[in-house]
Structures are given as C-alpha cells and as structure tokens.
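Visitor:
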Amino acid sequence: MKGKLTAFLLSGTLVVSGISQIVLADDQIKDPVIEKNDEEILQEETQVNPKLDEDPQKQVDEETLEKEVMLLEEDPIEAVCKIEDTEYETLDEAVLAAEDGQTILLLKNVNTEGLNLNKNLIIDGQGHTITFTKYGIALWGKSLTFNNAVLTMNNIGSTPYTAEWNWMTICASKNSSLTLNNTTMTLDGGNANKHAIYFCSNNKLNLNNSNLTIQNYGQDALEWDGGDGGYNVNIINSTFTSNHCRSGFTGTFYATIDNSIVNVINSLGNGSNGSNFDIKNNSNVKFDGNGSHGLSASTLFINDSYVSGSNNGANGIHVTGTLNIDNESTVDIKNNKCSICSKWTIPGAFYIAGESKIQNCTLNITGNNGSGIYQKGNTLTIESSANVTIMHNFAEKLGYGGGININGSAILPSNIQLYNNHAPIAGDDIYSTGKITFDSVGSNWILDDCTDTIDDWYYDGYNVMDQKEVFTRWNVDGNEKYIEHYDSSRENQILALKAAHTLNYTVKVNYLEMGTNKVLKDSYSSNPIEYGLEFDATSYDKIKIDGYTYVKTEVKSLGSDYSHDQQIAQMSLDEEKAEENSLIFDFIDENKEINVYYKKVEETKKDNSKKKTNTSVQTNAKLYISTAISALSLSGILAILKKRK
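Taking my numbering, the leading residue of the sequence shown gets 10, the next gets one more, and so forth.
#1: For proline 604 and leucine 521, what's the separation of their Cα atoms in angstroms?
#2: Please classify serine 534 as buried or exposed, where buried requires at least 16 other C-beta atoms within 10 Å of its C-beta.
#3: Using the DSSP secondary-structure output, state which residues sit across from tyrosine 226 in a beta bridge.
#4: With a 10 Å radius around its C-beta and 16 neighbouring C-beta atoms as the bar for buried, classify aspartate 555 as buried or exposed.
#5: Kindly indicate which residue of Gly260, Ile266, Phe262 and Asp234 has the alpha-carbon position closest to the one of phenylalanine 249.
#6: Quick check on glycine 487: buried or exposed, where buried means 16 or more other Cβ atoms within 10 Å of its Cβ?
#7: Measuring alpha carbon to alpha carbon, tell me which of Ile132, Ile374 and Asn202 ends up nearest asparagine 430.
#8: Say whether the stretch 365-382 touches the stretch 335-351, bearing in mind that this needs 3 or more beta-carbon pairs closer than 8 Å, one atom from each stretch.
#9: Helix, strand or coil, according to DSSP, for valine 89 in the structure here?
#10: Could you pull the start and end residues of the alpha helix (DSSP H) that glutamate 599 belongs to?
#11: Quick one: is threonine 562 buried, meaning 16 or more other Cβ sit within 10 Å of its Cβ, or exposed?
#12: Report the three-state DSSP secondary structure of aspartate 660 (helix, strand or coil).
#13: Report buried or exposed for glutamine 502, applying the criterion of at least 16 other Cβ atoms within 10 angstroms of its Cβ.
#14: Under a Cβ-count criterion, where at least 16 other Cβ atoms within 10 Å of its own Cβ denotes burial, should glutamine 224 be classed as buried or exposed?
#15: Compare the Cα-Cα distances from glutamate 108 to each of Asn120, Glu98, Glu122 and Lys91 and report the closest residue.
#16: Using alpha carbons as the reference points, say which of Thr329, Ile179 and Thr161 lies closest to phenylalanine 359.
#17: Near serine 301, what residues of its chain come up, given a Cβ to Cβ distance below 6 Å and the 5 sequence neighbours on each side ignored?
#18: What number of angstroms, rounded off, separates the C-alpha of isoleucine 139 from the C-alpha of aspartate 197?
#19: Residue range of the beta strand (DSSP E) that alanine 505 falls in?
#20: By a C-beta neighbour count over all protein chains shown, 10 Å radius and 16 as the cutoff for buried, is leucine 105 buried or exposed?
#21: Measuring alpha carbon to alpha carbon, tell me which of Leu114, Tyr491, Tyr495 and Ala435 ends up nearest phenylalanine 447.
#22: Roughly how far, in whole angstroms, is the beta-carbon of isoleucine 655 from the beta-carbon of alanine 230, given that I think they are within contact range, below 8 Å?
#23: Find out if the Cβ-Cβ distance for the pair glycine 260, tyrosine 240 is shorter than 9 Å.
#24: Check each candidate in Ile334, Thr95, Thr398 and Leu389 and name the one with the smallest Cα separation from asparagine 369.
#25: Are the beta-carbon atoms belonging to leucine 389 and glycine 436 less than 9 Å from one another?
#26: Assign asparagine 106 to one of three DSSP states: helix, strand, or coil.
#27: Considering only their Cβ atoms, is the gap separating glycine 123 from alanine 158 smaller than 9 Å?
#28: If you draw a straight line from the alpha carbon of isoleucine 3 to that of arginine 255, how long is it in whole angstroms?
#29: Quick one: residues in its chain with C-beta nearer than 6 Å to the C-beta of asparagine 312, no 5 flanking neighbours on either side, listed in chain order?
#30: DSSP has methionine 162 in a bridge; who is on the other side?
#31: Rounded to the nearest angstrom, how far is the Cβ of phenylalanine 296 from that of leucine 304, given a contact under 8 Å?
#32: If you draw a straight line from the alpha carbon of threonine 142 to that of serine 167, how long is it in whole angstroms?
#33: Distance check for valine 119 and asparagine 156, CA to CA, integer angstroms please.
#34: Which residue spans inside the stretch 352-381 form an unbroken beta strand (DSSP E) run of at least 3?
#35: Measure the C-alpha to C-alpha separation of asparagine 414 and leucine 427 and round it to an integer number of angstroms.
#36: How would you label proline 537, buried or exposed, when you count the other beta carbons within 10 angstroms and need 16 or more for buried?
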C-alpha cells in the first residue's frame, strides 16, 4: 500500500508541476483582442484567487494530500481473515493479535510462515486453504483446532522454534492437542530426513470427519519422545494415511479408530511400534507393504472392523499384550516375509504373547514365510464361532510349526482349517512345547502336493516311542517311509504334527496251475489295507478247485507307484504244513501279490486181469471148502458108520 501511495504522490506532483509550467507559459502570451493594464489584471486575479500571494508549492502539497485522503477512503484494506469484527490482511497478523481461546475466521485462501502458539486458538477455514510456506507448527501446552479448512505443508522440515524443534513439521509440548474438524491436512516431507508430528507427553491428535495424509518423510509420521505416557490419537469418522515414511505410529500411543479408514503403507521400517489400538465400528485398517512389521501393538482390540497386516517384510500383526477379535470382524494376514529373527522378534505372521481370544470373526493367515501363528506364551482361545484358515505358511527361519507354534496353552476349534503348511525341521502344521487342544482333521482336506485326501494327524519330526526320541518326518515317498498316527493318549512334552494321509495297499491272489501258470480261477483282490498292518498270507489260499490239489502259496512284492527298489520275498508252504493250518504273516508296505499253485489230479485205470485172478481164487477157495466139507462129512459118515459096526 505504501508503494501505491508513493507512486500516486509522484505522479500527482508531476501533473501539478506540468500545469504550473503551462500557466507560466500562458502568462507570457498576450491576448491580441483584449488588452488590459497591469493594475486591472492584478485586480482580477486577486478576486479570483485571494491566496495567490502565498507560496505556490505549499498550495500544491495541500491539494495533493486532499486527493490522497479521498483515494484511501475509496480503497479499503484487503482482509483475508478476521477476529470477531476486526479484519486482518494476513493470518500471521491475526494469530499475533488473537487472545487465548479466540476464533480466527478465514475470508479467503491464505499463507502463513508458521504457527508458534502459546495460546489456545481456533481457526475456522470456512472451506479455504492454508498454505504453510516456511515453518510448521509449535504448540506450547495449548490446543490448536482447525475447522472446515484445507491445510498444506510441503517440504516443511522445522517448526518456528528453530533453536530445538528444527527436525519436525509439527511438535507439541506436554498437554498440547491438535484437532482437525471437517478438515483436510496434507504433510509431504519431500523425502527429507525429518519427522512429521512429534509428541512430547500427554498429547492428543484428534481427527473428526477429517483427512490427514502424511507422506515421504525420512523419519516417522507420528512419534513420541518415550516419556511417561498419555500419547493419544483419536480417529473418528475420518481417514488417516501414512505413506512412505520410516514408520507410521512410533511409540506407545493410545489409538482409537472409530468408523474410520487407516492406511499405514510402504513404511521403510515398522508400520507401528507398540501402540495400543482400539479398532471398532466398521473401520477399515491396513498396515500393508511395510519394510518390517506391519501392525505392531501392545494391545489390540478389533470389533466389527476389517484389519489387514499383509505383504510386510517381517511379521504381519505382532501383539505383545492382550488381543481380542470379535463381532463380525475380518482379519487378513497374508504374504508376509517374516524375515526378522532376533531376541526381540520371532518370525511369525501373527505373533501373540498375551492373553488372546478370537471369536465371531473371520481370520485368514495364508502364504506367509513364517509360522502362521506364533504364540510366545500365555493363553490363546479360538472359539468355534470363528472361521479360521491357516494354510500355505512356511516357517523358514524358525524351522518349527509352519501352521501354528505354541509355547503357552491354546485351544483350537473343530472347524479350523489348519493344513498344507510346511516347516523345515518339524511340525508342518502343529508344533507345541506347551499345551494344545485340538480336534480331528476336516473331512474335505486335500494334501496340496499329491491331491490325496487327508485322513488324520501324523507325527512329523518329533515323537517318543519306547522312551526314545524319534525325529523322523512323515513320509510316504521312497524307501524310508514314516507313517505314524498321532496318539492322543501319549503325554509328549513336544508335539510335532502334520495333517496328512496314510498309504493303503491291496493283496491280490492268483490261482495258478503249477508249472504252466495257467489261471485256474479269477484273481481275488482284498479291500484296502493300511500301511504297516499285518496280514495272513495263507488266509486266501487252498480253496477247492475241482480236478486239482493244492501245492503251495508264494508271496512276492508287487511294484508300486513309488521309486524304491522292489524287494522279492518268497514264502512257500508245502502241503503237509498247509494241512497243519500253518500261517504266514507279512506287513503291508506296498501292494502285495500272492500266487497259489495247484497240480492236476491224475486219473486211475481199471485192472481186469487182477479181477479175473481174484475170481478164480475165490472159486478154487469155494471148491476147496466144499471138498473139505464133503470130506469131513464123508469122514463123519464113515466114522458113524464104523462105530455102528
């Protein structure tokens, strides 16, 4: 405004000066028609301008000032904001003039060099934009509220308090609060090594129907100073985004997320680091794509909301304290690398250390490169009202418990989907050094590497048999098969299990003619017999075949679908032993084939000559007997006769 007045004064002076020169020039020209003497002219001029005898320059200055006053009255101050009825040309002037608790009302878009506040203040933007051009915000134990505004802070790496708070955009000392009501605030750090918002103690960040975006900071979006607590973030009916910062929530904040959207994505480190989260009322929360942990919490309550901890470099969701998931919530923990293994971090996609309860919800833990659930201790209860899927996880670094690794106590429901996980050392699906309660496998589970139906839990990498430790993995391939059903009656301190299947084989019995291998009767095939069971090789032999007699039974291995060398074992029974009902037992470890051999019964011819000989002998015998009888009779008669003489 001062520049305009100076230009006006100069131009006015030039104009008046030019007029004076013209008047002086005219005075030297005489009118050719009317000529007056000097006395008459002086008299006329005196009547017209009685001040002619005064200083002409003074007269010009007075006229110029009068014109300036008139112009100023016509061109009032251009106000950008006001406090009550007082208007201000800049927001910074209004902030300086405001008293504690007053409201500044914006009239148009404004700029500010930064806000350094030791007073409570409300700024009502009325939909206008505030652009920070040099510094951010310093709050000294006071509250700052923005209503209905759009705030932009690009490449702002210091507060107005440059002596100390020169490495963050916003800093709040103890008992300060920053509130956004129906406001959009965007902080873009330009990838500088700065923090966005830094809280010192007992602070509050309140978002109501607002949108806060913090992006491209080399340090953290929200950070505490490690003090005595009371660091609060209240996100209600709002959206909070932290994108491409070092971390989203760093420190122990108490974060309430109510009917809101929260995206903490693409952090260089953790998405969060030990805050307490209360997520409720249809909120949508994603801690995805972060360099280390996704959602790291001291306590975590999820109620009627969706939460994702996926595609992170370390654990997906990491909870050291109380956990509760309830009321139709859905939680996805997918494709996390679980790459950190240290004394502070154990690689598990869902890390649980406190008392934990999961009910009335859907929980999906799939495709992670770590144990699906790692329980450090305490109690985990998953109710049957929860639909839980734990599949395709691989405990690469930990080595134990691809699906679930229990070190406290855990109760799993009968409807849990817990299979097709893998671990390099033991317990593809379950590994427990604590106490675990679980049910039988599901009826429709299919093993993914062979498409066979899963039928039971099997020991996998650790077992105790005859007081000896067995570290053999479940295996149905090759020569070294190990298929041992889980026995719930055993009290093993360590439990390593896999949801898998047994092998079933059949016994085929062939009835053949000895020497020719002619098939005498259709072969018989048994019902499936489970691997490792014993069968009686003689129970199928010695059936009656007309015209043949039993010779022997031969048992031999039949090549299977597996690549191991075939072993041939022959066991023969002679007829005498068969008559004694001797038994031969064999163990089913592959398909078996039994050959039962018979020989043909030889037909015998009739011997007629022998028959004739026998007949003549019989005739001669009869004749001899008859002759003897006759002789005896004759002797008797002779004797009688002789006596009578």
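Idealized CB from N, CA, C, for every residue including glycine. Nothing here was measured: the structure is a model prediction, and the numbers come from that model.
Guide: With the given structure in hand:
#1: Per the sequence presented here, residue 604 reads as asparagine, with proline not at that position. Cα-Cα distance, rounded: 7 Å.
#2: exposed
#3: According to DSSP, residue pairing for tyrosine 226 in a beta bridge involves Ala201 and Cys254.
#4: exposed
#5: Considering only alpha carbons, the answer is Ile266.
#6: exposed
#7: Ile374
#8: yes
#9: coil
#10: Note, glutamate 599: premise wrong, no alpha helix (DSSP H); not H, not E.
#11: buried
#12: Residue 660 falls outside the range modelled here, since the chain spans only 10 to 654, and no answer is possible.
#13: exposed
#14: buried
#15: Of the listed residues, the one whose Cα sits closest to glutamate 108 is Lys91.
#16: Thr329
#17: Gly278, Asn279, Gly322 and Ala323
#18: 15 Å
#19: 504-509
#20: exposed
#21: Tyr495
#22: Here the chain comprises residues numbered 10 to 654, so residue 655 is not present and cannot be evaluated.
#23: yes
#24: Ile334
#25: Contact annotation: leucine 389 and glycine 436 have beta-carbon atoms that are not nearer than 9 Å.
#26: For the sequence presented, residue 106 should be read as alanine rather than asparagine. If DSSP states are grouped into helix, strand and coil, alanine 106 belongs with the helices.
#27: no
#28: Look at the range of the chain in this structure, 10 to 654, and you will see that residue 3 is not part of it.
#29: Lys289, Asp335 and Asn336
#30: Phe141 and Leu196
#31: 4 Å
#32: 11 Å
#33: 15 Å
#34: 357-361, 365-367 and 370-375
#35: 12 Å
#36: exposed
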